[in-house]
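Here's the structure we're looking at; comments come further down.
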Amino acid sequence: MATESVTAMPISWPPAWPRALDEVVGESPLHGNYRAIPEDFQVEEVLGFAPEGEGEHLWLWVEKRDLTTLELVKRLARICGVAVRDIGYSGMKDRVAITRQWLSVHLPGREAPVDLSEQLADVPVTLLEQVRHPRKLKRGVHRANRFRLRLTGEVVRDPGVERRWQWLCDHGVPNYFGPQRFGPGGRNLIKARTVLERGWRKRDDREGMLLSTARSYLFNMLLARRITEGNWAAALPGEVLILDGTASQFVADTIDDELQGRLECLDVHPSGVLWGEGRLVSRAQAAACENALCTEEPILCEGLQRAGVRMSRRPLRVRLHAPLLEHDETALTLSFELPRGAFATSVVRELMMHSSL
1 MATESVTAMP
11 ISWPPAWPRA
21 LDEVVGESPL
31 HGNYRAIPED
41 FQVEEVLGFA
51 PEGEGEHLWL
61 WVEKRDLTTL
71 ELVKRLARIC
81 GVAVRDIGYS
91 GMKDRVAITR
101 QWLSVHLPGR
111 EAPVDLSEQL
121 ADVPVTLLEQ
131 VRHPRKLKRG
141 VHRANRFRLR
151 LTGEVVRDPG
161 VERRWQWLCD
171 HGVPNYFGPQ
181 RFGPGGRNLI
191 KARTVLERGW
201 RKRDDREGML
211 LSTARSYLFN
221 MLLARRITEG
231 NWAAALPGEV
241 LILDGTASQF
251 VADTIDDELQ
261 GRLECLDVHP
271 SGVLWGEGRL
281 VSRAQAAACE
291 NALCTEEPIL
301 CEGLQRAGVR
311 MSRRPLRVRL
321 HAPLLEHDET
331 ALTLSFELPR
341 GAFATSVVRE
351 LMMHSSL
């Protein structure tokens, strides 16, 4: 199996993960800019259910600008006089952006400060709605994220950009973890490698960020290889396929015409392993491709197993929901929805070149 195009440790950061569209279009995209100002990158969390209206937890629907989710959590804890652990949120949203998301505050038997909205406005955060719910907001429970992105620079004049966009709408997007997962210059990956080599301890990684970083890097390596080999959107013998929009999965030992049709209409997606302790569900050629990670990155793979992280799966591609491209003389504006866990930067990097992508 060819592996020469994907190295275990990149010389520079970010790694030159291959684009799916370069071979399709026949050339790399032009350079562009994104997120020059927070207004260029807008994200709205799609929860998928409504708070019940009563309970010990106050749920807050907020809009933040140029602020990380964790910074907002700490600020909210101080304002409400609670511990950080009493604040719940579903997803980590970007800093250089305008984002809307839900947070919860455990306030049994008492109300929020009467000037909560005014105090949050100093951050700056706008309180849009507040409602009670019986339970804390847990990580990863929202259904999707809705994006509106503004791209500028040479990409606006790229004659192939609309073709690239339409191809992504029709065939899906490589489901890479975005560069923000790895920290500036890949620092989180360097820390993860050090911690996993000596043996992971909870006190070194309270939120499990380094474990997540290692798993994300291994997944990106696997996806990069599959793109290089031209089978990232196809099903290999023994492939674990995931039903679009769900966690349902099954192993495909043989690929018949019916299954091929489902792959082509994005009803099911090939998947890759998120490494950890346990047994690979994939078989045959698909399993051999995933097992190769142990040879290429033994420190990360063995360290994750010793840490007790449970092996799981992630789709190799993701569908764009409600996609829209608006094109004028100064900018491209993209609107689309992605399931939770997918990165808008993976869409952007297929359309343009940028030093951070």
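Residue numbers for the sequence shown follow the UniProt record's numbering, beginning at 1 and rising by one.
We treat Cβ as the ideally placed atom computed from N, Cα and C, and that holds for glycine.
Remember, it's a predicted structure, so these values are computed and weren't measured experimentally.
Between the alpha carbons of Cys294 and Leu222 lies a distance of about 11 Å. Judged by pairs of C-beta atoms under 8 Å, the segment 279-294 does not touch the segment 136-148, as fewer than three such pairs exist.
If you ignore the 5 residues before and after Trp275, its C-beta comes within less than 6 Å of the C-beta of Arg215, Leu218, Cys301 and Leu304, all in its own chain and listed in chain order. The residue among Glu54, Glu45 and Lys74 with its C-alpha nearest the C-alpha of Trp61 is Glu45. Looking at the DSSP output, His57 shares a beta bridge with His106 and His133. CA-CA distance, Val131 to Glu71, rounds to 22 Å. A direct Cα-to-Cα measurement between Gly230 and Gln101 gives close to 37 Å. In the three-state reduction of the DSSP assignment, Tyr217 falls in the helix class, which pools H, G and I. Proximity to Ala344 across Thr330, Tyr176, Ser90 and Ala322 peaks at Tyr176, based on C-alpha coordinates. Sequence-distant partners of Val251 (beyond 5 residues in either direction) whose C-beta falls short of 8 Å from its own C-beta, in its chain, are Gly238, Glu239, Val240, Leu241, Val281, Ser282 and Arg283.
Beta-bridge partners of Ile87 (DSSP): Val105. Contact between Ser104 and His133 holds, since their C-beta atoms are separated by about 7 Å, short of 8 Å. The shortest C-alpha to C-alpha distance from His171 to any of Ile87, Arg75, Pro270 and Glu154 is the one to Pro270.
In this structure, Ala20 sits away from Arg150, with a CB-CB distance that is not shorter than 7 Å. Within its own chain, the residues whose Cβ lies closer than 7 Å to the Cβ of Ile227, once the five positions on either side in sequence are excluded, are Pro18, Ala20 and Pro174, listed in chain order.
Remark: C-beta atoms of Phe336 and Leu320 approach each other more closely than 7 Å. The criterion of a C-beta distance shorter than 7 Å is satisfied by Leu127 and Leu120. Burial check for His31: the Cβ neighbour count within 10 Å stays below 16, so the residue is exposed. Taking every protein chain shown into account, the CB of Ala322 has fewer than 16 other CB atoms within 10 angstroms, so this residue is exposed.
For Asp244, the closest C-alpha among the options Ala77, Ala342 and Ala16 is that of Ala342.
For the UniProt domain "TRUD" (172-318), the continuous alpha helix (DSSP H) assignments of 4+ residues that do not extend past its boundaries occur at 187-198, 209-228, 257-264, 284-296 and 298-307, in sequence order. Scanning Arg95, Val309 and Glu326 for the CA closest to the CA of Arg65 turns up Arg95. Here Leu325 has Glu162, Trp165, Leu332 and Leu334 as same chain residues with Cβ atoms under 7 Å from its own Cβ, once five neighbours each way along the sequence are excluded. Boundaries for Glu27: no beta strand (DSSP E) harbours it, and the DSSP string shows neither H nor E there.
Note that the C-beta distance between Gln180 and Ile98 is not below 7 Å. In this structure, Trp13 sits near Gly185, with a CB-CB distance shorter than 7 Å. Look at Lys64 here: in three-state DSSP terms it is strand.
Across the structure, Leu263 and Leu236 are spaced so that their CA atoms are roughly 12 Å apart.
For Val43, the beta-bridge partners assigned by DSSP are Thr99 and Phe147. Arg225 sits buried, since 16 or more C-beta atoms from the chains shown fall within 10 Å of its C-beta. In the DSSP assignment, Pro339 is bridged to Ala144.
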